[in-house]
Each structure stands twice: as structure tokens, then as C-alpha cells.
Amino acid sequence: MKKFTLDTEKLGFYVYLYVDPRDNKPFYVGKGTGNRAFAHLTDTSESPKVERIQQLKEAGLEPVIELLAFGLDEQTAFKMEAAAIDLIGFENLTNKVVGHGSRKAGRMTVEEVQARLQTEKIEYFDVPGVLIKITDSFPDSASRTDQELYDATRGMWKMSIDQAQERARYVFAVYGGVIREVYDVTQWLPANSTMYSETSRLWKPIEEYKTEGRIEFVGKVAPEELRKRYLWKSVAHLYKQGNANPVMYVGE
Numbered sequence: 001m002k003k004f005t006l007d008t009e010k011l012g013f014y015v016y017l018y019v020d021p022r023d024n025k026p027f028y029v030g031k032g033t034g035n036r037a038f039a040h041l042t043d044t045s046e047s048p049k050v051e052r053i054q055q056l057k058e059a060g061l062e063p064v065i066e067l068l069a070f071g072l073d074e075q076t077a078f079k080m081e082a083a084a085i086d087l088i089g090f091e092n093l094t095n096k097v098v099g100h101g102s103r104k105a106g107r108m109t110v111e112e113v114q115a116r117l118q119t120e121k122i123e124y125f126d127v128p129g130v131l132i133k134i135t136d137s138f139p140d141s142a143s144r145t146d147q148e149l150y151d152a153t154r155g156m157w158k159m160s161i162d163q164a165q166e167r168a169r170y171v172f173a174v175y176g177g178v179i180r181e182v183y184d185v186t187q188w189l190p191a192n193s194t195m196y197s198e199t200s201r202l203w204k205p206i207e208e209y210k211t212e213g214r215i216e217f218v219g220k221v222a223p224e225e226l227r228k229r230y231l232w233k234s235v236a237h238l239y240k241q242g243n244a245n246p247v248m249y250v251g252e
């Protein structure tokens with residue numbers, strides 16, 4: 001089947017899966033209207049999704065296209081797409097991105113939901129530190145570990161190493177305007193000085209990072225008493241609208 005023969009308006013928005021018939025496992029999740037679900041069959045771009053489809057065709061097979069749900073409005077489709085990607089696991093799919101709206105509707109712990117819906121604002125920091133927004137380097141819908149959160153927070157930031165050593169004893173990892181972790185910094189270093197669990201972060205020679213003025217830190221999770229004071233608290237109000245800088249010094 002290459003397209004719907006019915007009146008596609010009856011479908012509304014829908015969420016669809018591309019399934020590999022060899023193991024019956026989904027390898028792509030998408031959202032669309034009309035005949036969007038079939039568009040990838042003739043896609044010629046370079047992507048893991050297209051490569052998988054081509055592999056199937058060369059084996060004399062076709063991907064199985066399934067609708068996970070239909071008759072949806074657009075926002076519900078966004079949320080269902082994000083939930084499906086989270087449930088299957090982004091690492092098991094050929095999607096290039098985690099899905100529109102996943103940062104708002106994706107898989108979250110109960111603590112994260114609580115933090116999103118009811119947070120206490122912090123007006124004052126009694127320790128010298130730096131807030132680092134990791135929204136663009138730490139997919140909220142991905143399967144996360146403490147190590148992944150640490151790596152996403154500790155590098156690689158365009159900061160003065162001298163200023164960081166003087167003013168940032170602690171680092172506060174900020175996601176969605178909420179502090180997700182507090183780190184006690186052992187040392188600030190030029191970017192790419194140390195190993196990351198996610199090797200794709202190491203995408204330039206260290207000399208280029210030095211030229212750009214990017215740095216990273218090594219450290220450990222802060223003492224529990226300090227974490228209790230700041231963890232899951234909101235700092236969104238401290239950022240001026242339109243400020244794209246992910247780094248903000250705070251405290252004494």
C-alpha cells in the first residue's frame with residue numbers, strides 16, 4: 001500500500017510507526033496528516049531512516065507501516081509521538097530528533113513532574129557558583145543516567161577559566177528552569193581535557209576549544225545538605241527574556 005484511498009480528513013492527525021518485518025520492532029516514529037506516513041518510502045535524503053528502508057528493499061522486503069493512533073488533534077499527536085519515542089527508546093529508533101514537544105510531554109520521573117508543576121523559586125544563593133542551562137545538550141525524553149547528566153553539565157562552555165576558578169565553586173545543572181543537580185567542582189579545565197561517556201561530544205581537537213575559550217569541569221555531586229537546599233527549585237525567573245547565554249554566575 002502506497003497511500004490511503006479513503007478521505008484522509010477522517011484520519012485527523014495521527015502517529016505512525018515504521019516496523020522492520022524481520023524482527024517486528026519499530027525503527028521510526030512519526031506524526032502527520034493525509035498521506036504523510038507513506039512519504040518516507042520515496043525519500044532520497046541521507047538519514048538512518050532512509051538507509052533502513054533501503055536495506056529492507058534490497059532484501060525484497062517493505063517496512064510495515066502502522067498507525068499507533070488517529071483522529072487526534074495536533075497537540076495530542078505531538079504528545080503521543082513523544083511518549084512513543086520515550087517508550088521505545090530513542091536509541092532504538094532512526095529518528096534524528098526526540099520529537100516535537102518531548103521536553104514538555106516526554107517521559108519523566110515523578111520528581112520531574114512535580115518540579116514542572118510546582119516549584120519553589122530561589123531568590124538568593126549563599127554559595128559561589130554558576131547556573132548552567134543544559135536544555136540543548138540533555139534530551140529530556142531520553143533514557144538518562146547520573147553520568148549522562150554530569151557529562152551534559154560539565155562541558156563544553158564558553159567561559160573564562162580564570163573567572164570560573166574564582167567564582168564557580170559549585171555548578172547548578174538547570175533544565176527547564178529547574179535545578180536538576182548540584183556539583184562540587186574539583187577543577188576547571190580547557191574543554192576536551194577529559195573523557196566523556198558520550199564520545200560524540202569530543203568533536204574538535206583540544207587546541208580549537210582553547211582558541212574558542214571553551215572550558216569544562218570535573219567534580220562530584222555536592223554534599224546532601226547543599227543539594228536539599230537547591231535541588232528541584234526554580235531559577236527561571238532569574239533569566240532575562242531573550243537571554244541565550246546558558247551560563248550565569250550566582251552567589252557570593
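Going left to right, the sequence shown walks through residues 1 to 252 as the UniProt record's numbering numbers them. Just so it is clear, CB atoms sit at the ideal spot from N, CA and C, and this is done for glycine as well. Note that the coordinates shown come from a computational prediction; the quantities given were computed from them, not determined experimentally.
A contact is defined here as three or more CB-CB pairs under 8 Å, and the segment 6 to 22 meets this definition with respect to the segment 59 to 67.
DSSP, reduced to helix, strand and coil, places K49 within a helical segment of the structure shown.
Counting only runs of 3 or more residues that sit fully inside the segment 21 to 76, the beta strand (DSSP E) segments are 25 to 32, 64 to 72, in chain order.
Counting along the chain, D146 sits inside the alpha helix (DSSP H) bounded by residues 146 to 154.
Excluding sequence positions up to five before and after A236, its CB lies within less than 6 Å of the CB of G177, all in the same chain and listed in chain order. Here DSSP, grouped into helix, strand and coil, assigns Q187 to strand. Using a Cβ distance threshold of 7 Å, T94 and Y28 count as a contacting pair. Judged by DSSP in its simplified three-state form, R214 adopts strand. DSSP places A244 outside both helix and strand once states are collapsed to three, so it counts as coil. In its chain, beyond the 5 residues on either side, I215, V247 have a beta carbon closer than 7 Å to the beta carbon of M159.
Boundaries of the beta strand (DSSP E) harbouring Y170: 170 to 175, taken from the DSSP string. Per DSSP, reduced to three states, the secondary structure at K233 is coil, with no helix or strand assignment.
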